[in-house]
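Since the structure comes first, as C-alpha cells, the remarks are kept for the end.
Protein chains in written order, with this note's numbering: chain Z, 192 to 618; chain C, 192 to 618.
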C-alpha cells in the first residue's frame, strides 16, 4: 500500500483512490507518509477532500495540512466548517498557521486567495554560482523554481530570472546581467480571472503577486491559472443556461442543492412569463383574429433567439477581455446585423404566414419579426455591457432571461401592430 | 525601435504593436532581428498574424517562419492561403520544411497539430553531470527544458526527469536513479481537448506525445493547453447560444461571416417554429377557449427553460469528462428533479392561471406545466448524451434548439389536454 502511494504519480494515485469510498481511501492513504499524503490530497476533487477531512482525526489532518502547499490547503480550509478549521489550526505549527490565516483573509476569487507563498527568490549582487547554491537550498520547499524572483531587502519586486537562463550562464558571471527587469505582476486584490488571463496571454509558468507597495507577497502558478479558467468557464456556462453556478460540478452537487439552484431561476422566469400573460390579457380583445395565436410562438422565439446570440457573443468577449473601449462600435455593428438578420427572417416568416393565413396575417407577422429580431439583437448585446458597467456579472443575462424579456417585447409589438392594422382597416 | 523590440517582453511588444495598423506594426518590427521577430509574432492574435503575412515579402517571412517554434508556425500556416504557404516553404531550410510538413499533416484539433517537436531529451546510462552538459547544448532551441524526456535509441519513451530534480542531485550520481518511469503521455491522434484536460488534471508543464509504437514525437506545453481550454470554452459558449463558433473571436470576425454564422441557426430555428405553427393550426379548433393564448408563452417557456438547464449542465459535465459510465444515474436523477421542479412550477402556475382565468384554465395549465417541465428536464439531459454516443458534438444542443423542440411538445400537450378536458365536459 505504502509502495503504491509512493511509486505512482500523486495525481494517478488520487484518481484511483477517488473511485473508492472515502473511508477505504483513507485506509490506503494512512499507510503513506504525511508528506506523500499531502502531495496526493490536492489531486482529489475538493468535494472528496471535504468528505475525507471529516473522517481523519485532528492529529493526522494537521500534519497533512502542514505539508500541503499554501494555495492548496487554503482551497480546502475555505470549504471546511469554520469551527473545524479552528480546532485543526491549533495543532498546526506556528509559522504555517500565520501563513494560513493571512491567505484565508484575502477575498474569495482574488489573486491573494489562489496564490502560494512558497516562491523562489534571490537578492541582487550575487554571482550565478551563488544563486544556484541558494536555489538548491530553497528548492525542496518551493512550488516552482523555474522562475526566480529578485527582491531587495524590503521584499520589493525588482525583476526575475528563469532557471533556464541561470544554468546557461557562466557560474562566475554576475546574476544582475541576466535579470529581466520589466516584470509583469498582478496585485493581490486583482480578480482571479484577470490573473488567469495574464498568465495565458504571456505564456508564463507563474506570475508574481505584489501588494500596493510593489512588495512580493506570492506567486500564482500556471496550473492554478488553468483551474481558474475551467472554473470560470463552468460558471459562465451554467449562468448562460440559467443555473446558479455549481461549485462542485454537476455530478458531485447534492440533489437538493441542484434542485434549489435550478428551481430558483425557473421561478423567476415563470414570474416573467406571468407578466407576459398579463400583457396578453390586456392586449387581446374580442376582435383579435384567431390566426394570431398560430404565429405567437414563432415571433416570440425569433426575438429571443436573436437576442440570445448577441448576448452569448458579448458575454464571452467580455470574459476574454476583448471589448475594452468598443461599446459604441459593438452597438453600431449589432444595429446593422440586427437589421440584416431581421430582414432575412421577416421575409421567410412572410412566406410561412402568407401560405398559412393569408395577406393580412403575413404583413403583421413580417413587421413583428423584423422589429423583435432587430431590437432583440441590439438589446442582447447591450444588456450584458450595461450589467458590466454597473459592476455586476454580465453572465447573469442568461439565454432564458433574454428570451423572457424578448417575449414581453414581442407580445407588445405583435398585438400592438395587429390592433393598429385593425384600426386602419376599420377607419 | 530595435531596442524597443529587444528590451521588452515579446508579449508586451506584440500587444502594443497590435494597436497599430498592420503596415505600421511591420515597419517597427522590421528593425528587429529575425529571431526577435519570431518571438514577438506568436503573441499577435492569429487574425493579426494573417494580416501581417500578406504585407511581408517572401524572403523575410521565410526567415520568421524558420525561427518560430514549430507549434506556433503551424498554427499560422494552417490559417494561410495554401498557395502562399507553398511559395514560402520553398524558401525555408530543408530540415525545418520537413518538420513543418509533418506537423501540418496531423488532423486539426489533434495532439499532433498543437504539439512542438522542440523538446529536451536524454538517453539512459549517463551521469547527472553529463545530463546537465547535454541539456545546456539543447537548451537554446527547446521550448522547455524543465521536463526532460528519457528515450532509448529507437526514440521510445522510457520516462522523464525534471530540471528541479536534476540540479538537486549530486553531479556524479547516475541519471537512472531519478528517472520517473510511470510517465503519463498522450497519443498523437488524441483530441486536443483531452490533452488539455490531462495537463490540467496533473498540473504538468508539458505532456509527451507518442505515436502508436510509444515513440516520442513531440510535447504539448502548458501554455498551448491553456489556449486550447479557452478555445474550447469559447466554442461551447457560442454553440450554447446557437452561434456557429467564431474562430477569431467576436471582435475580429468580419461582419458578413458573423451574420452568416448567426443567420444560419436563426433560419433553422425559424423552420422549427413554423412546424410549431403548423401544429397549432392543426390542434386549434373553433371550440378552443380564448384564455388559452394567455398562458401559451408561459407553458412553452417553462418547458424550454427546464430543458435548457439540464442540457447546459450535462454539456459542461461532458466537456470536463465527468459523466463517464453515469448515463443511467443521470437519467434517474433528472427524472426525480424534473418531477420535483415540475410540481413546484405547476403549483405556482396554478395560482397565476386560477387568478387570471378561473378553474378550468388553471387545471389545464397546471397539468401542462408539470408535463413539459418533467419531460423537458429529462430530454434536455438525454439529448446531449445521445449526440455524444452518435459521435457528434453534444454542444450542438443549444439552448434555443432545446427551446424550439420543447415548444412543439408544449403545444401538443397544452392543446391535447384542453381538447381532452373539453370532450370530458361535453360527454
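Glycine residues also receive a C-beta, built at the ideal position from the N, C-alpha and C atoms.
Quiz item: Given that residue 440 (chain C) touches chain Z, what residues does it touch there, using C-beta distances under 7 Å?
Solution: Position 249 of the second chain, counted from the first residue, corresponds to residue 440 (chain C). Within chain Z, the residues near residue 440 (chain C) are 508, 511 and 513.
Exercise. Pull up the DSSP beta-bridge partners for residue 342 (chain Z), would you.
Key: If you number the first chain from 1, residue 342 (chain Z) lands on position 151. Per DSSP, Z:348.
Quiz prompt | Range of the contiguous alpha helix (DSSP H) that encloses residue 569 (chain Z) | solution = Position 378 of the first chain, counting from 1, holds the residue named residue 569 (chain Z). Looking at the DSSP string, the run of the alpha helix (DSSP H) that includes residue 569 (chain Z) is 518–580.
Practice problem: Give the DSSP-derived three-state secondary structure of residue 282 (chain C) in the structure shown. | Solution: Here residue 282 (chain C) is taken as the residue at index 91 of the second chain, counted from 1. In this structure, residue 282 (chain C) counts as coil in the three-state DSSP scheme.
Quiz item: How big is the Cα-Cα spacing for residue 397 (chain C) and residue 298 (chain C)?
Solution: Residue mapping note: residue 397 (chain C) aligns to position 206 of the second chain, counting from 1. Residue mapping note: residue 298 (chain C) aligns to position 107 of the second chain, counting from 1. Rounded to whole angstroms, residue 397 (chain C) to residue 298 (chain C) spans 21 Å at the Cα level.
Exercise. With 9 Å as the C-beta to C-beta threshold (strictly closer), list the residues of the segment 392–418 of chain C near chain Z in chain order.
Key: 392, 393, 394, 395, 396, 412, 413, 414, 415, 416, 417 and 418
Quiz item: Taking Cβ to Cβ, would you say residue 294 (chain Z) is nearer than 9 Å to residue 272 (chain Z)?
Solution: Looking up residue 294 (chain Z) in the first chain gives position 103. Looking up residue 272 (chain Z) in the first chain gives position 81. No; because the gap between Cβ atoms is not below 9 Å, this pair is not in contact.
Self-check item: Where residue 519 (chain Z) falls, given that 16 or more other Cβ within 10 Å makes a residue buried
Solution: Counting from 1 along the first chain, the entry for residue 519 (chain Z) is found at position 328. Label assigned to residue 519 (chain Z): exposed.
Exercise. Kindly indicate if chain Z contains any beta-carbon less than 9 Å away from that of residue 517 (chain C).
Key: Along the second chain, read from residue 1 onward, the residue named residue 517 (chain C) stands at position 326. It does: the Cβ of residue 517 (chain C) has a partner Cβ on chain Z nearer than 9 Å.
Quiz item: If you scan the segment 266–325 of chain Z from start to end, which runs of the beta strand (DSSP E) of 3 or more residues do you find wholly inside it?
Solution: 310–313
Quiz item: Taking Cβ positions, are residue 341 (chain C) and residue 313 (chain C) nearer each other than 9 Å?
Solution: In the second chain, counting from the first residue as 1, residue 341 (chain C) sits at position 150. In the second chain, counting from the first residue as 1, residue 313 (chain C) sits at position 122. Yes. Within cutoff.
Self-check item: Residue-chain proximity (residue 450 (chain C), chain Z), Cβ-Cβ < 9 Å
Solution: Your numbering for residue 450 (chain C) matches position 259 in the second chain. Chain Z contact via Cβ: present.
Exercise. Would you list, in chain order, the members of the segment 318–329 of chain Z that have their beta-carbon closer than 8 Å to a beta-carbon of chain C?
Key: 323, 326 and 327
Quiz item: Would a check of beta-carbon distances place residue 570 (chain Z) closer than 9 Å to chain C?
Solution: Numbered from 1 along the first chain, position 379 holds the residue referred to as residue 570 (chain Z). No, its Cβ sits nowhere closer than 9 Å to a Cβ of chain C.
Quiz item: Comparing alpha-carbon positions, which option in Z:238, Z:270, Z:287 and Z:587 lies nearest residue 255 (chain Z)?
Solution: Here residue 255 (chain Z) refers to the residue found at position 64 of the first chain. It is Z:287 whose Cα lies nearest to the Cα of residue 255 (chain Z).
Exercise. May I have the straight-line CA-CA distance separating residue 474 (chain Z) from residue 606 (chain Z), to the nearest angstrom?
Key: In the first chain, the residue the question calls residue 474 (chain Z) occupies position 283. In the first chain, the residue the question calls residue 606 (chain Z) occupies position 415. Straight-line Cα distance between these residues: approximately 6 Å.
Practice problem: Have a look at residue 466 (chain Z) and residue 599 (chain Z) and give me their C-alpha separation to the nearest angstrom. | Solution: As a working note, residue 466 (chain Z) is residue 275 in the first chain. As a working note, residue 599 (chain Z) is residue 408 in the first chain. Cα to Cα, residue 466 (chain Z) sits roughly 8 Å from residue 599 (chain Z).
Practice problem: For residue 218 (chain Z), decide whether its Cβ has a neighbour in chain C, counting only Cβ atoms nearer than 9 Å. | Solution: Numbered from 1 along the first chain, position 27 holds the residue referred to as residue 218 (chain Z). False, the Cβ-Cβ gap to chain C never drops below 9 Å.
Quiz item: Does DSSP put residue 437 (chain Z) in a helix, in a strand, or in coil?
Solution: Against the first chain, residue 437 (chain Z) aligns to sequence position 246. Coil at residue 437 (chain Z), not helix or strand.
Quiz item: Are the beta-carbon atoms belonging to residue 405 (chain Z) and residue 376 (chain Z) less than 9 Å from one another?
Solution: Indexing the first chain from 1 puts residue 405 (chain Z) at position 214. Indexing the first chain from 1 puts residue 376 (chain Z) at position 185. Going by C-beta atoms, residue 405 (chain Z) is nearer than 9 Å to residue 376 (chain Z).
Quiz item: Rounded to the nearest angstrom, how far is the Cβ of residue 525 (chain C) from that of residue 590 (chain C), given a contact under 8 Å?
Solution: Counting from one through the second chain, the residue named residue 525 (chain C) turns up at place 334. Counting from one through the second chain, the residue named residue 590 (chain C) turns up at place 399. So it is not a contact: roughly 16 Å between Cβ atoms.
Practice problem: Provide the residue span of the alpha helix (DSSP H) that contains residue 357 (chain C), from first to last. | Solution: Position 166 of the second chain, counted from the first residue, corresponds to residue 357 (chain C). Where residue 357 (chain C) is concerned, the enclosing alpha helix (DSSP H) stretches over 354–359.
Quiz prompt | Contacting positions in the segment 482–503 of chain Z - beta carbon closer than 9 Å to chain C | solution = 482, 483, 484, 485, 486, 487, 488, 489, 490, 491, 492, 493, 495, 496, 497, 499, 500, 501, 502 and 503
Quiz item: Name the residues in the segment 589–605 of chain C whose C-beta lies less than 8 Å from a C-beta of chain Z; which are they?
Solution: 590, 591, 594, 595, 598 and 602
Quiz item: So which residues on chain C does residue 566 (chain Z) lean against when the C-beta distance must stay under 7 Å?
Solution: By one-based count along the first chain, residue 566 (chain Z) stands at place 375. Within chain C, no residue comes near residue 566 (chain Z); the closest Cβ sits about 14 Å away, beyond 7 Å.
Quiz item: When the Cα of residue 455 (chain Z) is compared with those of Z:472, Z:443, Z:435 and Z:468, which residue comes out closest?
Solution: Numbered from its first residue, the first chain carries residue 455 (chain Z) at position 264. For the residues Z:472, Z:443, Z:435 and Z:468, the minimum Cα distance to residue 455 (chain Z) belongs to Z:435.
Exercise. Out of C:444, C:502 and C:371, state which residue places its alpha-carbon closest to the alpha-carbon of residue 199 (chain Z).
Key: Position 8 of the first chain, counted from the start, is the residue given in the question as residue 199 (chain Z). With distances taken between Cα atoms, residue 199 (chain Z) lies closest to C:371.
Practice problem: From the DSSP output, in three-state form, read off residue 399 (chain C) for me. | Solution: On the second chain, position 208 is the one that residue 399 (chain C) refers to. Correct three-state label for residue 399 (chain C): strand.
Practice problem: Please check if any C-beta of chain C sits within less than 9 Å of the C-beta of residue 609 (chain Z). | Solution: Position 418 of the first chain, counted from the first residue, corresponds to residue 609 (chain Z). Not one chain C Cβ lies under 9 Å of residue 609 (chain Z).
Quiz item: Beta-carbon of residue 340 (chain C) versus every beta-carbon of chain Z: anything under 9 Å?
Solution: By one-based count along the second chain, residue 340 (chain C) stands at place 149. By this cut-off, residue 340 (chain C) is not an interface position.
Quiz item: residue 429 (chain Z) versus chain C: which residues are under 8 Å apart at the beta carbon?
Solution: Here residue 429 (chain Z) refers to the residue found at position 238 of the first chain. Residues of chain C passing the Cβ test: 503, 504 and 507.
Self-check item: Element boundaries [beta strand (DSSP E), containing residue 408 (chain Z)]
Solution: By 1-based counting over the first chain, the position of residue 408 (chain Z) is 217. Its beta strand (DSSP E) spans residues 407–412.
Quiz item: Which residue from Z:354, Z:533, Z:328 and Z:327 puts its Cα closest to that of residue 337 (chain C)?
Solution: The residue labelled residue 337 (chain C) in the question sits at position 146 within the second chain. For residue 337 (chain C), the nearest C-alpha among the options comes from Z:354.
Quiz item: Under the rule that 16 or more other beta-carbon atoms within 10 Å means buried, what is residue 409 (chain C), buried or exposed?
Solution: Counting from 1 along the second chain, the entry for residue 409 (chain C) is found at position 218. When all chains shown are included, residue 409 (chain C) counts as buried.
Practice problem: Excluding the 5 residues preceding and the 5 following residue 505 (chain C) in the sequence, name in chain order all residues of the same chain whose CB lies nearer than 6 Å to its CB. | Solution: Indexing the second chain from 1 puts residue 505 (chain C) at position 314. 572 and 575, listed in sequence order.
Self-check item: Bridge partners - residue 377 (chain C), DSSP secondary structure assignment
Solution: Within the second chain, the letter at position 186 stands for residue 377 (chain C). Per DSSP, C:400.
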